[in-house]
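Notes follow the structure.
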Amino acid sequence: MVAQARGLSNVNQLSLCSQFTAPGSRSRTGISSFDATQVNSAEFVALSADDEWDFFHDLRKQKQALGPGESGAITAAKFRHATLLSNDKQARSAAEEEGIPISGAIGVLKCAVETESIQPTAAVAILENMICEGAWISGELLELFRQRILHEN
Numbered sequence: 053m054v055a056q057a058r059g060l061s062n063v064n065q066l067s068l069c070s071q072f073t074a075p076g077s078r079s080r081t082g083i084s085s086f087d088a089t090q091v092n093s094a095e096f097v098a099l100s101a102d103d104e105w106d107f108f109h110d111l112r113k114q115k116q117a118l119g120p121g122e123s124g125a126i127t128a129a130k131f132r133h134a135t136l137l138s139n140d141k142q143a144r145s146a147a148e149e150e151g152i153p154i155s156g157a158i159g160v161l162k163c164a165v166e167t168e169s170i171q172p173t174a175a176v177a178i179l180e181n182m183i184c185e186g187a188w189i190s191g192e193l194l195e196l197f198r199q200r201i202l203h204e205n
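Numbers in this note's numbering are just positions in the sequence shown, counted from 1, shifted up by 52.
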């Protein structure tokens, strides 16, 4: 997932969903590929330029542990000067090597609290629920987030 910060007045503005299809093809959702279209505060992004596709394929060769979604999200972030949103350690590392800003669930939740889009207790509950659903976030990191978000607000 890729985020492009635009004023940050609303956490929904942080949401960009990456959709990777070949130009002119149809995605699994039936939407024709396009460069970028705003849909309910989410922006679907397709790789379209040759340099984007070249970077994507080079990244897939160099970082074989990354899936096509992660590689596509990194590519979209790089060429759109956006922040990569990922909790995946390998994706974050690859983005960092390319000089791409990164954030994860904790950063998004912190931003949501700071912009008063959600209450601190809701942010903690969301993170706890993510962990219950299988997100790989250490108990130490959860506790640190809980302490900072609840005590600073």
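Note that the Cβ used here is the ideal one computed from N, Cα and C, for glycine as well.
With a cutoff of 8 Å on beta-carbon distance, L118 and A143 are scored as near each other.
Around E104, the same chain offers T127 and F131 as residues with beta carbons nearer than 7 Å, after the five sequence neighbours per side are excluded. The C-beta distance from I158 to S138 rounds to 12 Å, too long to meet the 8 Å contact threshold. Shortest Cα-Cα distance from A146 to any of V165, V176, A101 and S123 involves S123. The continuous stretches of alpha helix (DSSP H) do not include L137, which lies in the beta strand (DSSP E) extending over residues T135 to L137. Runs of the beta strand (DSSP E) lying entirely within the segment 93 to 174, each at least 3 residues long, are 94 to 97 and 135 to 137 in chain order. In chain order, I126, A129, K130 and L136 place their CB closer than 7 Å to the CB of I152, counting only its own chain and leaving out the 5 sequence neighbours on each side.
Rounded to whole angstroms, the separation of the alpha carbons of F108 and A177 is 36 Å.
Taking C-beta atoms as the reference points, I201 and K162 count as a pair closer than 8 Å.
Contact annotation, L194 with L179: C-beta distance approximately 6 Å; criterion of less than 8 Å satisfied. Counting the other Cβ atoms within 10 Å of the Cβ of A101 gives fewer than 16, which makes it exposed.
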